[in-house]
Amino acid sequence: MAAPPWTPTDPLGDALHVLRLRGAFYCRTHATAPWALEMPALEDCLSFHILTEGTCWLEVPGEEPLQMRAGDLALVPHGRGHILASEVGLRPAGRVDHLPQRYLGDHYSVLTYGGGGTPASLVCGVVTFDDPAAGSLMAALPAVLHVAADHRPAPTWIGETIRLLTAELHEQRAGGEAVITRLSDILVVQAIRAWLEQDRESRNGWLGALRDARIGASLAAIHREPGRPWTVAGLARESGMSRSAFAERFADLVGEPVMSYVTRWRMRIAQQRLAEGTDTVARVASGLGYRSEAAFSRAFVRVTGTTPGAVRRDSTGRGGERP
Numbered sequence: 008m009a010a011p012p013w014t015p016t017d018p019l020g021d022a023l024h025v026l027r028l029r030g031a032f033y034c035r036t037h038a039t040a041p042w043a044l045e046m047p048a049l050e051d052c053l054s055f056h057i058l059t060e061g062t063c064w065l066e067v068p069g070e071e072p073l074q075m076r077a078g079d080l081a082l083v084p085h086g087r088g089h090i091l092a093s094e095v096g097l098r099p100a101g102r103v104d105h106l107p108q109r110y111l112g113d114h115y116s117v118l119t120y121g122g123g124g125t126p127a128s129l130v131c132g133v134v135t136f137d138d139p140a141a142g143s144l145m146a147a148l149p150a151v152l153h154v155a156a157d158h159r160p161a162p163t164w165i166g167e168t169i170r171l172l173t174a175e176l177h178e179q180r181a182g183g184e185a186v187i188t189r190l191s192d193i194l195v196v197q198a199i200r201a202w203l204e205q206d207r208e209s210r211n212g213w214l215g216a217l218r219d220a221r222i223g224a225s226l227a228a229i230h231r232e233p234g235r236p237w238t239v240a241g242l243a244r245e246s247g248m249s250r251s252a253f254a255e256r257f258a259d260l261v262g263e264p265v266m267s268y269v270t271r272w273r274m275r276i277a278q279q280r281l282a283e284g285t286d287t288v289a290r291v292a293s294g295l296g297y298r299s300e301a302a303f304s305r306a307f308v309r310v311t312g313t314t315p316g317a318v319r320r321d322s323t324g325r326g327g328e329r330p
C-alpha cells in the first residue's frame, strides 16, 4: 500500500479515505404489495438499499425487523443474507438474482415484481472493497446501519447524493458506471460518518483505538508503512509513550498485542496482493518487510490457514480476476 503524499492527522479520517468501492451490481426495483425479495449472502460484500417511494421492511437474521420509509438508506455491511418485503414475515419466492428482470448492462438491472397493490421503489447495490483498512472498518460496523430521512444530521448532503445516484441509474448515460461507483463511495462514507457521529458503539474496539490520540497515531503509522521493521519500542515512540504503557494501552483498546496486530495487518495486505495475481510471493514478502520468503510463508499460514502459493495459484487460475 503506497504511503499517501501527506502525513494523516486523523487516523479515522485516513481509514475513511481508503474506503473505495468496487461495484458488483446495482438494481432498480419497482415492487407492489404483497412482495418479498431475498438478498443472498455474499462474502466480503456490503449491500445498500435506498427507498425512494413507499415503505418496506428490512429483515436480517438475528436482528429486529427495520421499517424503511421514502428517503431512508440502510447498509448491511457484513455480507449477510437478508430480506426486503412489504410486510414482516412474507416468504420470498426465491433469490432476487434468480427472478426475471431487465438487464441494462453487466452491472445494472430493473426488476418489476409484486402482487399489484401499494407501490414501493428501491435502489439497491452490492459493493466490495479493495483496501485492508476498509475491511477492518466494515467489520467494526453494526449488522444493520440505518440512516433515516427524518433523522439525518446532514440531510442535504445524503439526500442530494441519493437523488443524484437515483437519477444516474434511471438515465443510463455514458460513463454511468464510473459515476454510480463514485456516488456509492460518497453515500456509504456519509452513512458511516453519520453513524460514527451518533452511535456510542463507534467509541469501542478498533474504531475507538483509531480515535485515541496516542494509539491512533501508531495505527496510522502501521497502516501507512506496513513493511517498515516495526518494534514495540518504535511504535511507542510514534505514540509519544513509554514502551510498557503503550503496549498495555494498545492491547486494551485494540484487543490484541501490538506485534500480533502488525503481523495480521501485513497478512491482510498480502492476501489482497496475492489475490490480484500480479506480484510473486517473493515480491509480496519483501514489500512487507520479510527478509526471507520462508519466514513470510510461515507467518501467512499461521494467520490465514493457507499458503501464499495457494492464494496466488487460485488467482492465476481465474485469470487474475478477483471474485
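If you count by my numbering, then the sequence shown holds residues 8 to 330, one letter each, in order.
By construction, the Cβ of each residue, glycine as well, lies at the ideal position given by its N, Cα and C atoms.
Using 8 Å as the cut-off, can you tell me whether the segment 145-158 makes contact with the segment 75-84, which would need three or more C-beta pairs spanning the two stretches below that distance? Here the segment 145-158 makes contact with the segment 75-84; the two share three or more CB pairs at distances below 8 Å.
Which value, in whole angstroms, describes the spacing of the CA atoms of A92 and L129? When rounded, the distance between both Cα atoms is 11 Å.
What's the call for Q197, buried or exposed, on a 16-neighbour Cβ count within 10 Å? Classification of Q197: buried, given that the 10 Å Cβ count is 16 or more.
Examine the Cβ distances between the segment 90-104 and the segment 50-65 and report whether three or more of them are shorter than 8 Å. In short, these stretches touch, since the Cβ pair count reaches three.
With the cut-off set at 7 Å, would you say Y115 and A38 are in Cβ contact? Going by C-beta atoms, Y115 is not nearer than 7 Å to A38.
Starting from the Cα of R256, find the closest Cα among F307, R280, L226, L53 and give me that residue. It is L226 whose Cα lies nearest to the Cα of R256.
Minimum C-alpha distance to T238 - residue among T270, V195, W164, D259: Considering only alpha carbons, the answer is T270.
Integer Cβ distance of P315 from S304, believed to fall under 8 Å: Yes, P315 and S304 are in contact; Cβ-Cβ is about 6 Å, under 8 Å.
Using a 10 Å radius around the Cβ and a threshold of 16 neighbouring Cβ atoms, would you call R87 buried or exposed? By the neighbour-count criterion, in which 16 or more other beta carbons inside 10 Å mark a residue as buried, R87 falls on the buried side.
Using only alpha-carbon positions, find the residue among A150, V195, P139 that is nearest to W345. Since the displayed the chain opens at 8 and closes at 330, residue 345 lies outside it and no answer follows.
Identify the residues that DSSP records as bridge partners of L190: which are they? Residue pairing for L190: DSSP places it in no beta bridge.
For a test of the three-state rule: what should DSSP assign to H85, helix, strand or coil? In this structure, H85 counts as coil in the three-state DSSP scheme.
Could you give the residue range of the beta strand (DSSP E) that holds V117? Looking at the DSSP string, the run of the beta strand (DSSP E) that includes V117 is 115-121.
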